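> I'd like to ask you about the structure that follows.
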Ligand code: SAH
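Structure (structure tokens):
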């Protein structure tokens, strides 16, 4: 499928989700787009195997972000995309996981839209889907969870608070991105809002990569588990995490 460019718009940017780590989790469409790109603007969590798919003469621009440390400020990233697209380059903006899930993909596209630049979005496997699949933890299961929520552990910084009472439900799976540093707060809030302190939970570190590690415990032990884990990691809260023991397949 191809998109028909609007004659009033200029340049072209593909916003591509590279998946959570295992390079084989890139989509076929993402693979094709990377091979055709003149400029690849990429983040820290994109694996080297995926970058190696770019043409030998493609320009690779690293704008990686680390927690609490932005290598290139967001407005500068937006400007790079605009400038390269307006210069007539086929630009790919490559992000870890899926660009629309805690990836600021929406913000970058808004800038492109304001500058009348054409774009497309190629979805990626978000960490919550990839890491739990490789950990043998089904996010929903008829006997355990009828809903799942993805939450950022970063909200406090923005001065917003999560609606904890909506999350603290026993038949709901919670997946926290960027939550390691906030694990104490997450634990206290969930227990205060009625979730059992013995609710099973897991931390998946480096999900889908060879170095993947899965920590298991209960809600009250989450801060201790988080102390041992390294970023990138997801916190998963809910009884589905117990299934890891039975369904683990990736070592
Ligand atoms: N857009 C990305 C998320 C970016 S936020 C996506 O859709 O996956 C970065 C956070 O994602 C990390 O702090 C971590 O919580 C999570 N993450 C990304 N890759 C991961 C991996 N391989 N294993 C575990 N968590 C991961």
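Numbering (UniProt numbering), first residue to last: 1 to 251.
A virtual CB, placed ideally from N, CA and C, is assigned to each residue, including glycine.
Every value quoted in this text rests on a predicted model; they were computed, and no experiment measured them.
Which same chain residues, not among the five before or five after residue 41, have their C-beta less than 8 angstroms away from its C-beta?
So the list reads 61, 63, 77, 80, 81, 84, 91, 92, 93 and 94, once near-sequence residues are dropped.
> Roughly how many angstroms separate the alpha carbons of residue 23 and residue 197, rounded to a whole number?
Roughly 37 angstroms between the two C-alpha positions.
> Smallest Cα separation from residue 208: which of 195, 175, 249 and 172?
Of the candidates 195, 175, 249 and 172, the one whose C-alpha sits nearest the C-alpha of residue 208 is 249.
> Note down, one range per segment and in chain order, each beta strand (DSSP E) of at least 3 residues found wholly within the stretch 100–157.
Here the runs fully enclosed are 117–122 and 147–152.
> Under the rule that 16 or more other beta-carbon atoms within 10 Å means buried, what is residue 56, buried or exposed?
Classification of residue 56: exposed, given that the 10 Å Cβ count is below 16.
> Between residue 26 and residue 243, what straight-line distance do the alpha-carbon atoms span, to the nearest angstrom?
Whole-angstrom Cα-Cα distance: 26 angstroms.
> Using the three-state DSSP reduction, which class does residue 200 fall into: helix, strand or coil?
Of the three classes helix, strand and coil, the one that applies to residue 200 here is strand, per DSSP.
> With a threshold of 6 angstroms, establish whether the CB of residue 126 neighbours any heavy atom of ligand 1.
For ligand 1, at least one heavy atom lies less than 6 angstroms from the Cβ of residue 126.
> If you follow the beta strand (DSSP E) that residue 216 is in, where does it begin and where does it stop?
Residue 216 -> beta strand (DSSP E) spans 213–218.
> Which of helix, strand or coil does DSSP assign to residue 32?
Helix, per DSSP.
> Strictly by DSSP, which residues pair up with residue 52?
Answer by DSSP bridge pairing: none, since residue 52 is not bridged.
> Do you know how far the Cα of residue 15 is from the Cα of residue 202?
Cα to Cα, the separation comes out at about 31 angstroms.
> How far does the alpha helix (DSSP H) with residue 163 in it extend, from its first residue to its last?
That residue, residue 163, is in no alpha helix (DSSP H); it is neither H nor E in DSSP.
> How many angstroms separate the CA atom of residue 117 from the CA atom of residue 137?
Taking the straight line joining both Cα atoms gives about 40 angstroms.
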